[in-house]
Amino acid sequence: MNSTFSAIQVRRRSQGFTLVEMLVVIAIMSILMTAGAIGLSGMGGKGVTSGVATAESLFDEARSTAISKNMRACVLVAKELTNNPAEDLRRIIVAYEEVDNVATSSTFGQAKNPTNANPKWELSSRGAVLPDQTFYSSVLSKKDQANGSGTIRTVQSTDFVSAKTALTGEYYIYQFNSQGILIDPGNANFQGGSSFIIGTGARNMSKTSTEQPPLVTATSKRDFGGFVVWRNGRTSVFRSPDQMGSDINTLKAGDKF
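With the working numbering applied, the sequence shown corresponds to residues 3 to 259, in that order.
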């Protein structure tokens, strides 16, 4: 009889938690939540994180397009759109060089002007737009990231085979050759290592980026993110703001980026 009663008590105890056990679980959960909050505070905002991921995928698309089509391809970042200023420094497009569409031509289906350093570009799609309040930084993005120098060159939409009115304007360009290697036309010594950096900020969306560039809204370097594009066309995300260059250390609220 006693043994049966003891067994029932043991089973009842095993079905619940003691006060000590519950306190231990709560303490562990508190520690994990605190660690998570600290980790998240060291990351860029959701817009920057999402924007970097989107941009990386477009760079990968451009490189793959160059290799698969065996012709030059590029990533275009809107600098100033004549009829659509709200997408300045936010619209990103992938394009490849103009194709010879003359059926009787010996180069039919191939690059139309493979030796031209500044070819016409065919837009492969409308690309993507960076999240709200997230902009490409022409100040922090460098042609030569290792030395923190050089500005990303630009092209005009007049260099496109065709473009909708909303896409008319000037663009920053990252160009790949037919092997998917990052190049700088006219510069045989270019070794690659260009950076693509975006940040959280604010600007008057009814004006062009020239009239109203984005402004830093906080002093935190964590509001910026991006990656370096190596000579082989691959990308590496910056894990620390300090990897983006010394210029980021001088930014303060209200500065242009």
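Glycine included, C-beta positions come from ideal geometry on N, C-alpha and C.
Bounds of the beta strand (DSSP E) holding A75 are A75 to L83. In the structure shown, F61 adopts helical secondary structure according to DSSP, grouped into three states. If one requires a minimum length of 3 residues, the beta strand (DSSP E) runs lying completely within the segment 161 to 237 are 171 to 178, 196 to 204 and 226 to 231, in chain order. Spatial neighbours of A220 in its own chain (CB-CB distance under 7 Å, excluding positions within 5 residues in sequence) are listed in chain order as A255.
Under DSSP, Q245 takes part in no beta bridge, so it has no partner.
Q193 sits exposed, since fewer than 16 C-beta atoms from the chains shown fall within 10 Å of its C-beta.
Counting only residues of its own chain and dropping the five nearest sequence neighbours on each side, G235 has a CB closer than 7 Å to the CB of R65, F178, G182, I183 and L184. For R93, the uninterrupted beta strand (DSSP E) run begins and ends at R93 to E99, by DSSP. Distance from the CA atom of A148 to the CA atom of G195, rounded to whole angstroms, is 7 Å. CA-to-CA, the gap between V50 and V104 works out to about 44 Å. Under the three-pair Cβ rule at 8 Å, the segment 80 to 90 does not count as touching the segment 110 to 122. Taking C-beta atoms as the reference points, A55 and C76 fail to come closer than 8 Å. The way I'd put it, the segment 157 to 167 does touch the segment 122 to 132; three or more beta-carbon pairs between them come closer than 8 Å. Here the C-alpha atom of T156 lies approximately 9 Å from the C-alpha atom of L78.
Residue pairing by DSSP places Q112 opposite no residue, since no beta bridge is assigned to it. According to the DSSP assignment, L125 belongs to the beta strand (DSSP E) that extends over W123 to L125. Taking C-beta atoms as the reference points, F226 and T237 fail to come closer than 8 Å. Beta-bridge partners of A130 (DSSP): I94. Counting only the Cα atoms, K48 lies some 42 Å from D102. The Cβ atoms of L60 and G129 lie closer than 8 Å to each other. When only Cα atoms are considered, S108 and K114 end up about 10 Å apart. Within its own chain, the residues whose Cβ lies closer than 7 Å to the Cβ of N72, once the five positions on either side in sequence are excluded, are S180, listed in chain order. Cβ-Cβ separation between Y138 and I200: approximately 5 Å, consistent with a contact (criterion under 8 Å).
Judged by DSSP in its simplified three-state form, T136 adopts strand.
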